[in-house]
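Asks: The structure follows.
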Amino acid sequence: MKEKVGAKVNLSLAVTGKRGGLHTLDMRVCSVSLYDTAEIIGGDGARFEWASVPQGFVKEMFEPRLNEIYSALKAKFGGDFRFRFRKGIPSGAGLGGSSALAAAMAKLWTRGTGKSADDGFLLSLGSDVPYMYRGGEARVTGCGESVERRPFVARKVLVAFPEGGVDTAKAYALYDDMAAQGTLPEREGEFFNDLCAPAVRLNPDVARVKNMLSECGAERVVMSGSGSAVCAFFGIEEESFARGVYLRASAEARCVLADTIP
Numbered sequence: 158m159k160e161k162v163g164a165k166v167n168l169s170l171a172v173t174g175k176r177g178g179l180h181t182l183d184m185r186v187c188s189v190s191l192y193d194t195a196e197i198i199g200g201d202g203a204r205f206e207w208a209s210v211p212q213g214f215v216k217e218m219f220e221p222r223l224n225e226i227y228s229a230l231k232a233k234f235g236g237d238f239r240f241r242f243r244k245g246i247p248s249g250a251g252l253g254g255s256s257a258l259a260a261a262m263a264k265l266w267t268r269g270t271g272k273s274a275d276d277g278f279l280l281s282l283g284s285d286v287p288y289m290y291r292g293g294e295a296r297v298t299g300c301g302e303s304v305e306r307r308p309f310v311a312r313k314v315l316v317a318f319p320e321g322g323v324d325t326a327k328a329y330a331l332y333d334d335m336a337a338q339g340t341l342p343e344r345e346g347e348f349f350n351d352l353c354a355p356a357v358r359l360n361p362d363v364a365r366v367k368n369m370l371s372e373c374g375a376e377r378v379v380m381s382g383s384g385s386a387v388c389a390f391f392g393i394e395e396e397s398f399a400r401g402v403y404l405r406a407s408a409e410a411r412c413v414l415a416d417t418i419p
């Protein structure tokens, strides 16, 4: 059995408050054709095998989280499985890369045991997991527990990767500081991200890449999640234009031209 989960990209992200020490959000998100894949395999040996990983990915730093997910799934549903992973979503980019394999494992585990996972349990695996488990176009609110499906919109999405990532905890802490000081910029248009300003302070290359995409002709440009990936959105009728922007942008940063997926 095999499951693949697409990357999550933000069309917008508003920080709406705090609850229980966690920030609450109101986000518009969609899935794109950049995947993490999990497969149940037979035989004896380690719980996890890695078939492929992105450049710079250190699986030893990621496996403790996967072991926690594994233990939670086994305690909840019973069963015992071995997994082979193909990781295509970079971590530290704001694309759900720390939650995609958790969602894929949960899908496989419930299929393998004939049981179902409720939203409360999925949320316990990570704030992005309830959405990543479903995917598609959605509005996500609260601490990730409310996922409202929206009609699918076919788009081309150019995902550009600045040099270096953004530490999520530091981005939220800096957001709080900037909010208290009244130094957060005003939101502009429907494509915005409240975490972009703190992310730029932590990694100035986010601003360079964001400006570069605009200079290449992209109009709907927004950082995803807590960064550092920056996305440009194009209507499906703009595919030729999107490819032109991709070619120009690829000379300045590592880029992927992806499709939205239902």
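Residue numbers (the working numbering): 158 to 419. Quick reminder that beta carbons are idealized off the backbone N, C-alpha and C, glycines included.
#1: On the criterion of 16 or more Cβ atoms from any shown chain inside 10 Å, does VAL314 qualify as buried, or is it exposed?
#2: Suppose contacts are defined by Cβ-Cβ distances below 8 Å. Is VAL413 in contact with LEU191 by that definition?
#3: Short check: CB of SER381 to CB of VAL166, under 8 Å?
#4: Would you kindly work out how many angstroms separate the C-alpha atoms of ASP275 and GLU343, rounded to a whole number?
#5: LEU352 and SER397 - do their beta-carbons sit closer together than 8 Å?
#6: Identify whether LYS216 lies in helix, strand or coil by the three-state DSSP scheme.
#7: Candidates VAL387, VAL310 and SER228: which alpha carbon is nearest GLY236's?
#8: What residue from GLU196, THR267, LYS244 and THR194 has the CA that sits closest to GLN212's CA?
#9: Would the beta-carbon of ALA259 fall within 8 Å of that of ALA386?
#10: Indicate whether LEU182 and THR173 have their beta-carbon atoms separated by less than 8 Å.
#11: How big is the Cα-Cα spacing for ALA375 and ARG239?
Replies: Taking the structure as given:
#1: buried
#2: yes
#3: yes
#4: 37 Å
#5: No, the pair does not count as a contact, with Cβ atoms beyond the cut-off.
#6: helix
#7: SER228
#8: Taking only the C-alpha atoms, the option nearest GLN212 is LYS244.
#9: no
#10: yes
#11: 43 Å
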